[in-house]
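Report on the following structure.
There are 2 protein chains.
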Amino acid sequence: MRTGIATVCLSGTLKEKMQACAIAGFDGIEIFEQDLVTSALSPEAVRAMAADLGLGLDLYQPFRDFDSVPEDLLRENLRRAGAKFELMSRLGMDTILVCSNVATAEIDDDGLRAEQLGRLAQLAGEHGVKVAYEALAWGKYVNDYEHAHRLVETVDHPNLGTCLDSFHILSRDWDTAPIEKFNAEKIFFVQVADAPKLSMDVLSWSRHYRVFPGEGQFELDKFMGHVVRAGYAGPVSLEIFNDVFRQSDVERTAVDAMRSLIWLEEQSAKWLDAHDGGAAAGSGKVAGRRRYPMELATLPKVAEPAGFNFAEVKADDTAALEKLLGQLGFEFEGRHRTKDVQLWTMGHARVIINEQAPSHAEPAIAALGFDVDNPVIASARAQQLKAPVVPRKVQADEEVFQGIAAPDSTEIFLCQGSPDGTAAWTAEFGQAGEFGDGVSAPVGAGAVIDHVNLAQPWQHFDEAVLFYTSALALEPAPFAEVPSPTGLVRSQIMQTTDRAVRLVLNLAPLIQQEDAGQQDGGRKSYQEHIAFAVDDLVGLARNARDRGLEFLEIPANYYEDLAARFSLDPGFLATLKELNLLYDRDASGEFLHFYTATVGSVFFEMVERRGGYDGYGAPNAPVRHAVQYDHARRPPN
Amino acid sequence: MRTGIATVCLSGTLKEKMQACAIAGFDGIEIFEQDLVTSALSPEAVRAMAADLGLGLDLYQPFRDFDSVPEDLLRENLRRAGAKFELMSRLGMDTILVCSNVATAEIDDDGLRAEQLGRLAQLAGEHGVKVAYEALAWGKYVNDYEHAHRLVETVDHPNLGTCLDSFHILSRDWDTAPIEKFNAEKIFFVQVADAPKLSMDVLSWSRHYRVFPGEGQFELDKFMGHVVRAGYAGPVSLEIFNDVFRQSDVERTAVDAMRSLIWLEEQSAKWLDAHDGGAAAGSGKVAGRRRYPMELATLPKVAEPAGFNFAEVKADDTAALEKLLGQLGFEFEGRHRTKDVQLWTMGHARVIINEQAPSHAEPAIAALGFDVDNPVIASARAQQLKAPVVPRKVQADEEVFQGIAAPDSTEIFLCQGSPDGTAAWTAEFGQAGEFGDGVSAPVGAGAVIDHVNLAQPWQHFDEAVLFYTSALALEPAPFAEVPSPTGLVRSQIMQTTDRAVRLVLNLAPLIQQEDAGQQDGGRKSYQEHIAFAVDDLVGLARNARDRGLEFLEIPANYYEDLAARFSLDPGFLATLKELNLLYDRDASGEFLHFYTATVGSVFFEMVERRGGYDGYGAPNAPVRHAVQYDHARRPPN
């Protein structure tokens, strides 16, 4: 697949954009006219730079408001087009995007439109230029891609074809199957964009909220499947208008963009694999892709992770972390043979405390380990998806961890899972044999990591969703918004089908990120936590209280409201209140949980899931936020 | 008018919110349930604190999903309501908001609904509580305020009334005139919210984009006019769900909120003044308000400013500013008799260079003077609208300036205008008689300040719109968005009818604000400028070039695009290019302009308006942004 991206997706000058596209590995770019007009580079200099960078200049765009106009305006438009065709020859470009008319269209007559597009094609032919005509979703008369393509067919000129843009098609809910019947030679260009499903006017939606494939909710695999089946083999290019991407670091955004196309390529192949067999063999569904002009590269395959292998927290002074874990009932399993890290366990929940933090670094979540079938294959996949590799020093006889960096800089380690939930590397800790399998106190025997909640900087939230989707095969749930005393917290759950892994990405209110002084888009501007699931939360909470654990203190008003919302046994309610436990219930089960105080940017949560309860106690989240906010503002003891 | 605000509008804890409301001068508040549930304060403590602060607790809200349900759920809902009524008695509150059912409504039967609301009213009566029933715009069966009111009339119980919320009514475009016919005794509460006109689903619109009255586009004066005419005299309370306000400083937001109600009070009175006379006297339109139970306080009146009196820039080292103004053709009129400030003029354009800046302070726009009819009245009005006063030291024989601080901290001075465009205070500069009336070189004789462009921090953009609307009588135009290399710049024009004053508020992309390290919401994170209009821009540009002015250098590509867009005389085009002039044209006229290089955060623009051209060269703004971005990143010479 020939990959492309429009310069309008990125921040910076034209030169910076082109360099970033080359670094990210794109085959070609679309030049957005305004980026050229505002550039100090001459067209010849742009052409030379593209050649040096190995970037194709695949599309000049956009040319607006051409068709469906009176004759005098048409002549003016042809003059305007001629000037652009001459500019294109200086740039060495041969394809221009012409959008259906929005602003100046006056005459709704397909015959006239075809005649006018024919004259444009004729002029383009004289300049050696090809015109890719696109139906904008909000075009005055032409806003349906099939309509645009019918006009192209009617004109039937070698210099006029169609441009298919997934946003303009899927935002209108047009059926994409008819694309397969298009003559591939008449498809001059394909643009792909994803978007969250929003109900707003389509122009605002398009201008501000497009995202890279895999970061939204459009069925792009299917769209691309139809395009491939039509026989198209040209560029597949991103055209994403997004308020955040336009502000973000250009090189980083270009890499995120490239990742989305690599992922889309795989998803398109999968869609074809799943649909071609059946189509070829009639009712006998046999999977298997037919051969098409467009080649679709494949990626190393990865299945959903089987669970969390460990979570790692890091600090300069680790005493507070050790105290918290000890009070919760975790067992200290010893220190690593060669590194300054400790292992603490409860059941199969493993927490590494890393002492190798910079001086004065506050406690923070540093890394997560996931159990995968084959760490090397999973790591290869992640690297092909442009994930940065995290090097970790190992001795000759120690387990090698495959590590990659998540967009928020959390280190993600791909570990060899085991069917019984144990981890071989724990043998590297403590005296040989002294701390065996890590199974500890009875009350926590069945403990596992239930979920981990990571705070995301606003610049990289969409990027993180695609990262975990593509590299770790987690599935995004619809996002939620949780009120807090300093604004709404956007909360995005990423999880496996069996819920063995649940990762929650939180986008904190901006003001909190600013307060934390994180100007480099770094993380840790906001509290994060690790939640452990146990079988007997009440028992565990009593033990923890007896060990002096500082619980997050829940207001009495909460329990009154709980009593108003649910009919609860008074004794049970009293227990909840006594132990600062929070409670939720839905049709499938119940949820009990409590939080510890925060050290640095980390706190812990203990949960008990009863029945089929699948949530996270969302109605209780505002209470947690409010109490934490209040605590953070109290003077220290 | 009894003023109120819902705690959900503000950030922080319940205690912080209540304190801020008291400081801002509200009569009462609505307690948003979640704020109480998450608070460590007991209901009794909240009641005592409100009494101490002099705040009425006017409404407990919301109670959701009560009506249109099967009998077993209704009983559960009555139990739930009973618990809340008991809580209210501890709080000493007597009115609760009950919203029409969204989530659990199953039975669409007005008879049943009336019966169920009747049972709620009965229970409420037993607790001494009044129920204000509100139609949510997205209520499942009840989403029209007239429908809700018909139910209230049907039940006809003294403890059941209606709550009117302007958002739920105006977002659906319901006619507001029928409110006048309502029995005022049945209107238990009125909530007001404004909003920009957005086409999106009404729930998202309501939850994120409500703004304070005067910051959006709803006809709230008319809505309030009908409410007043109905005979309602209870609280008028703000319920604004807004992502920004929830994050902003609580005391500042409370003051902004109060300003909006004061302004709304005046606007409502004006609407009544304009409409009552006509209504009373039939076809003979005589203005004049009738008497109503609700008293509407009045404000000192202010007309549109007649023009800019001066602009003031400030720096530690003012040499670069002096050089720029001199090269542009401004004349140095001398230093102030008693202060370290200089006066520079061109025609009636006056620029004060203030040398009293902190050490190392970069050049920045510090103050603007506006010509008003009566500075004292205008200042009194601004202060009643909660604008902070700016003290300015004066000697006994000097003109006293009335100063207020704009939300971005720019100092706004209200000056005595003069019909001939001169300013008496200029006599305080230079040697007596030496610099007379400030009229200077012929080419700039007709110069005036055309517009000023101020950068706004994101937390205070809406606040600034209301500030300039209410305190200075400027009118907001629809906002525009301008692409820049680091994101879209939101641009809001505030102007007078005759365009003697044009003020442009720019909301810079967030990343630029962060780059500038402005964590306190301070300004100057982004370039600002002062534009001067002259009669002969080409002549002035030639003179400036000869004096060595550093123009903002416009790329050659721009002039090629200009030639493609407009049919221009080649000689004229060559002149534009030679002098780095930008050009725009519309049906009413032409616009020529150029920019200087930037010093600190300030640059200057010179413009020439030909014919009736009323814009700002918007198509050229991206060029300006791109070149400035590029320059800022170049290593210094």
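Chains Y and V are the protein sequences, given in the same order.
First residue of the first sequence: 1, per full-length UniProt numbering; consecutive thereafter.
First residue of the second sequence: 1, per full-length UniProt numbering; consecutive thereafter.
Built from N, CA and C at the ideal position, the CB exists for glycine as well.
Values in this document were obtained by computation on a predicted structure and should not be read as measured data.
For residue j and residue i, the rounded distance between their alpha carbons
i              : j       : result
A508(Y)        : A597(Y) : 19 Å
P388(V)        : K17(V)  : 21 Å
L123(Y)        : F310(V) : 54 Å
S68(V)         : L136(V) : 14 Å
D536(Y)        : D546(Y) : 16 Å
R350(Y)        : A621(Y) : 25 Å
V8(Y)          : G231(Y) : 28 Å
P293(Y)        : A233(Y) : 6 Å
A367(V)        : V313(V) : 7 Å
A516(Y)        : Q527(Y) : Since pLDDT at A516(Y) reaches only 47, below the 50 mark, its modelled position is unreliable, and the value read off the structure follows with that caveat. About 11 Å.
W271(V)        : H460(V) : 28 Å
A132(Y)        : V482(V) : 27 Å
N506(Y)        : L581(V) : 48 Å
Y595(V)        : L552(V) : 5 Å
E560(Y)        : G329(Y) : 30 Å
residue 638(V) : D165(V) : As shown, chain V starts at 1 and ends at 637. That puts residue 638(V) outside it, with no answer to give.
K15(Y)         : G611(V) : 39 Å
P478(Y)        : L503(Y) : 13 Å
T298(Y)        : E578(V) : 55 Å
Per-residue burial, residue i [other beta carbons within 10 Å of its own, 16 or more giving buried]
i              : result
H360(Y)        : exposed
F572(Y)        : exposed
I5(V)          : buried
K181(V)        : exposed
S283(V)        : A caution first: S283(V) carries a pLDDT of 47, below 50, which makes its placement in the model unreliable, though a value can still be read off. Looking at its Cβ environment, which holds fewer than 16 other Cβ atoms inside 10 Å, S283(V) is exposed.
residue 671(V) : What is shown of chain V runs 1 to 637, which leaves residue 671(V) out entirely.
S199(V)        : exposed
D108(Y)        : exposed
G456(Y)        : In the sequence as displayed, the identity of residue 456(Y) is Gln instead of Gly. Its Cβ being crowded by 16 or more others within 10 Å, Q456(Y) is buried.
G438(Y)        : Here the model assigns G438(Y) a pLDDT of 44, short of 50, so the residue's position is not dependable, and the following value carries that caveat. The residue is buried, with at least 16 neighbouring Cβ atoms inside 10 Å.
E475(Y)        : exposed
Q492(Y)        : buried
S171(Y)        : buried
Chain Y contact residues for residue i, given Cβ-Cβ distances below 9 Å
i       : result
L198(V) : M200, D201, S204
Contact set between residue i and chain V, taken where Cβ atoms lie within less than 7 Å
i       : result
N557(Y) : L36, V37, S39
P509(Y) : Q247
Partners in chain Y for residue i, counting only beta-carbon separations shorter than 7 Å
i       : result
G12(V)  : P485
E560(V) : L87
P622(V) : Q34, T38
A564(V) : R80, A83, K84
D243(V) : G487, L488
Listed by chain order, chain V residues near residue i by CB distance under 8 Å
i       : result
V627(Y) : T38, A40
Interface residues of chain Y facing residue i [CB-CB closer than 8 Å]
i       : result
D630(V) : T13, A40
Along the stretch 71-102 of chain V, where does the CB come closer than 7 Å to a CB of chain Y? Name the residues.
R80, A83, K84, L87
If you scan the stretch 198-249 of chain V from start to end, which runs of the beta strand (DSSP E) of 3 or more residues do you find wholly inside it?
235-238
Residues in the stretch 112-144 of chain Y having any Cβ partner in chain V nearer than 9 Å:
none
Could I get the ranges of all uninterrupted beta strand (DSSP E) runs contained in the stretch 307-335 of chain V, with 3 residues as the minimum, in chain order?
307-314, 331-335
Members of the stretch 321-347 of chain Y that neighbour chain V once the beta carbon cut-off is set at 9 Å
none
Members of the stretch 379-409 of chain V that neighbour chain Y once the beta carbon cut-off is set at 7 Å
none
What runs of the beta strand (DSSP E), each 3 residues or longer, lie entirely inside the stretch 148-181 of chain Y?
160-165
Could you pull out every unbroken alpha helix (DSSP H) segment of at least 4 residues lying fully inside the stretch 30-84 of chain Y, listed in chain order?
33-37, 43-53
Could you run through the stretch 469-498 of chain Y and flag, in chain order, every residue whose CB is less than 9 Å away from some CB of chain V?
E481, P483, S484, P485, T486, G487, L488
May I ask you to list, following chain order, the residues of the stretch 363-374 of chain Y that have a beta carbon less than 8 Å from some beta carbon of chain V?
none
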